[in-house]
Every structure is written in structure tokens, then in C-alpha cells.
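Residue numbers (this note's numbering), protein chains in the order written: chain A, 4 to 270; chain B, 1264 to 1409. Below is one structure, written out as C-alpha cells; comments come after it.
Here is the structure:
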């Protein structure tokens, strides 16, 4: 079992919910990422998604697109992200999920990535733009290296596809709260409830919900339905606005704490 | 019957100067399709250039990748300048204004014709050039002077 699996066991045992934090690795520059991750962890993030910047990020809204551009301009590649992960792992046991588009992975090589990611201390991988119908070879390579494979389920996913997502996912299933790309929204989509119900009926895996979540109120509402909540763009925007500011880490930590309070006291 | 596909050679052979996917592209996934893709060594998609908007894209249609790998079709490239010249020639001699995309195919036919007497060429003029008139005017300012 990976650190991801152990995290969800602990959360269940303690009656707590998990906060998953996404940031784009290498934004504003690779050397800065480990300190940002440490700040998120100090603020209470339970799992970190390390986004691999990609030239054509079709799942992402403008905030994360811009982060990807900054990270690429700073020379970040998939290999750089693995090095960043290894650096984080030296001082932390926080579960790390590699969040990436497919093409850099194909270029790097499936088996090579699985081995190098495991060696870097990464616990699992999520491919944003791979169809689950063709995920067999990828999932097998990751599982051989002891990594989890997390798949995205959307409100528009068909029952057949939800079955495959449940079949190939390990660690947890990532539910996309609505149709469209990543980015903050004022209110949560009504599509989440039915998607949670559909997924619960076919899998016992923990569920996390992401896309559009940026406020403690969102965290509170979703925390009543699923095991973990993912926040991405709101963190990335904070990094964008304060990249040149020495208080960035402190701000990131305090925003994480504020979001985490949305869950309330352990049940 | 030989099948010949003509890609956008753009204005040069460097990254970002053309959209000839079979010249330097490698298999990859972009926007959900697996095909030949212009990309760097880290799998980041390259920028492209072509005078023809419809060819100015980093990936080629998967059907072409299949025909290429089967060696059923041969793929070459025509430069921006060759395509523009071919479009002008076809317009003047036949009264057909081809789309800039199709003009690349016309350019290749013109290159091959002198050495292929007696053979029949079928050129797929897949689109009309009305949409490209602004680009033709930009590149042939002398046409406006008449």
C-alpha cells in the first residue's frame, strides 16, 4: 500500500476528511517548489498533487495554464518534476501524486517513468488526458512499480466508463465536479451529488472531488459527501500573485489552514 | 496508383518554422489523438508555422500516419513560397483559385510533372481560395496595381 492508501486509512480511522492541494511544479521556478509544498503541508494539506507543466493543457483553465507557461519558461520538464519530488521526499512523508498530461509520459517511457517516479518517492500518477479504455498498459506499468493510478470521473462519464474508472483506479477516484476546465467558481455544481452516488454504487475506493473548489464553504459542503477535497487554481493564483513576495510561503500556509477549517472538527 | 501527401514546409526546417509532421515529428498524443506530432525531447508540443492556416498544426491526422507507416503513401512538403506560386499559376491558367492548403498539392504536381510525361495526375483541390484572398493580396502586391 502506498502513502496514499495509508492516508485514507488514517482519515477513516480518525473520522477526518482530507485536503488535497494541487500546484504546478516548477512555478515560478523548480527550486521554489519544495518550500511551497512544505508550506501547504504545514497548513494541513494531506496530499500533494504535483502538476507537470505541458504546452497544451486542455484540462486546465487560465490560472493553471499560466502557471504551466511560467514553469516551462523556467525549464521544468517531467524529469525536473521527478527531481523536485525526490527533494521533497527527503524531508517529508506527505503522499505525492504526479498529475500530468499523457504526451510527456509517452516521450519519457511508461516503464521508465514508473520506476523513476517510485524511486523519487512519488506514490501515484494521474493522467488528465488518457482515455480509461486504453489505460491497461499504463496502469500495469504503474502497478508493477508499486504506484497508485488515479483516474478522473466526470458528470458526463457513461456508466460503462465509470466501471472502467473504478476498475483501473487505486488509492482513490478523482471526481470532477462539473464539465469544463479547472478554475475557481463561486458556487458548487449540482452535478457532484449524483456522481458521488454513481461511484459509491460501484466502488469502495475513497472519493475526492476537485475542479472549481476555492473556499472553506465549498470544502465544508463537499466534506459531508466525500473523503477528500482537491483545491488547485486557488493555490496557484496565490502563488502567481505573490511569487516575488517573501511572505508567499506564510500566505500559502495560512490559506491552506483556512480551507482545512472548512471541514470543521473531526466527527 | 501512387499516393502523395504534401505537408506544409513553411519558411524553413527549424522548429517553429514549418508544420511538416513527417519531418521531425514523433508518435505522441495531442488532444486525444495518437499520431505523428511535432514535439521536443520532453514531449512538449512544438510551435508551427505555415502560410496556410489549415496546415498550421503540430499533429497530422491519424489516417495519414497509418498510410505513412504502411508505406502506402509518400509524404513530402512544399514551402510557403512554392504553395503561393502554385496557387497563382493555377488561378491564371485554369481560373481555379485553390485554397492555400490545396496549393501545396498543386506545387508538388508541378515539381513532378516534367519528369512524368504520359502519366495522369489527380490533384485534390480540397478547398477554394476565396477564403485566402487576403493572404494572396499580401504576398502578391502587384496584383492590386492592375
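Ideal Cβ placement from N, Cα and C applies to all residues, glycine included.
Min CB distance residue i to chain B below 8 Å
i, result
"residue 69/A", "no"
"residue 107/A", "yes"
"residue 87/A", "no"
"residue 81/A", "yes"
"residue 141/A", "no"
"residue 111/A", "yes"
"residue 125/A", "no"
"residue 61/A", "yes"
"residue 251/A", "no"
"residue 57/A", "yes"
"residue 75/A", "yes"
"residue 132/A", "yes"
Residue i versus residue j - alpha carbon distance
i, j, result
"residue 161/A", "residue 51/A", "28 Å"
"residue 26/A", "residue 236/A", "8 Å"
"residue 225/A", "residue 143/A", "32 Å"
"residue 261/A", "residue 151/A", "29 Å"
"residue 221/A", "residue 14/A", "19 Å"
"residue 1317/B", "residue 263/A", "48 Å"
"residue 1394/B", "residue 1350/B", "13 Å"
"residue 16/A", "residue 22/A", "16 Å"
"residue 83/A", "residue 1301/B", "21 Å"
"residue 1381/B", "residue 1374/B", "15 Å"
"residue 156/A", "residue 165/A", "7 Å"
"residue 1274/B", "residue 130/A", "35 Å"
"residue 176/A", "residue 137/A", "17 Å"
"residue 53/A", "residue 120/A", "12 Å"
"residue 18/A", "residue 10/A", "12 Å"
"residue 223/A", "residue 267/A", "7 Å"
"residue 1327/B", "residue 248/A", "50 Å"
"residue 134/A", "residue 1295/B", "8 Å"
"residue 1399/B", "residue 80/A", "40 Å"
"residue 231/A", "residue 208/A", "12 Å"
"residue 191/A", "residue 219/A", "12 Å"
"residue 71/A", "residue 188/A", "20 Å"
"residue 99/A", "residue 125/A", "5 Å"
"residue 1268/B", "residue 1284/B", "11 Å"
"residue 1333/B", "residue 1265/B", "13 Å"
"residue 113/A", "residue 146/A", "11 Å"
"residue 103/A", "residue 1272/B", "31 Å"
"residue 139/A", "residue 1383/B", "47 Å"
"residue 158/A", "residue 1304/B", "35 Å"
Contact with chain A by residue i, beta-carbon distance below 8 Å
i, result
"residue 1392/B", "no"
"residue 1308/B", "yes"
"residue 1402/B", "no"
In DSSP terms, what residue i is bridged to
i, result
"residue 1341/B", "1271/B"
"residue 1302/B", "1308/B"
"residue 52/A", "25/A, 100/A"
"residue 1297/B", "1292/B"
"residue 1391/B", "1361/B"
"residue 1266/B", "1336/B"
"residue 232/A", "22/A, 212/A"
"residue 1282/B", "1271/B"
* Chain-ordered residues of the stretch 1276-1299 of chain B with a beta carbon less than 9 Å from chain A -> Of all residues in the stretch 1276-1299 of chain B, those with a C-beta nearer than 9 Å to a C-beta of chain A are 1289, 1290, 1291, 1292, 1293, 1294, 1295, 1297, reading in chain order.
* To do: May I have a chain-ordered list of the alpha helix (DSSP H) segments no shorter than 4 residues that lie completely inside the stretch 189-213 of chain A?
  => If only complete runs of 4 or more residues are kept, the stretch 189-213 of chain A shows the alpha helix (DSSP H) at 195-203, in order along the chain.
* **Those runs of the beta strand (DSSP E) which lie wholly inside the stretch 121-191 of chain A and span at least 3 residues** => Listed in chain order, the complete beta strand (DSSP E) runs (minimum 3 residues) inside the stretch 121-191 of chain A are 127-130, 151-153, 176-179.
* Asked: Unbroken alpha helix (DSSP H) runs of length 4 or more, entirely within the stretch 1306-1334 of chain B: which are they?
  -> Entirely contained in the stretch 1306-1334 of chain B, the alpha helix (DSSP H) runs reaching 4 residues are, in chain order, 1325-1332.
* **Interface positions of the stretch 1301-1328 of chain B facing chain A (Cβ-Cβ less than 9 Å), listed along the chain** => Residues 1302, 1303, 1304, 1305, 1306, 1307, 1308, 1309, 1310, 1321.
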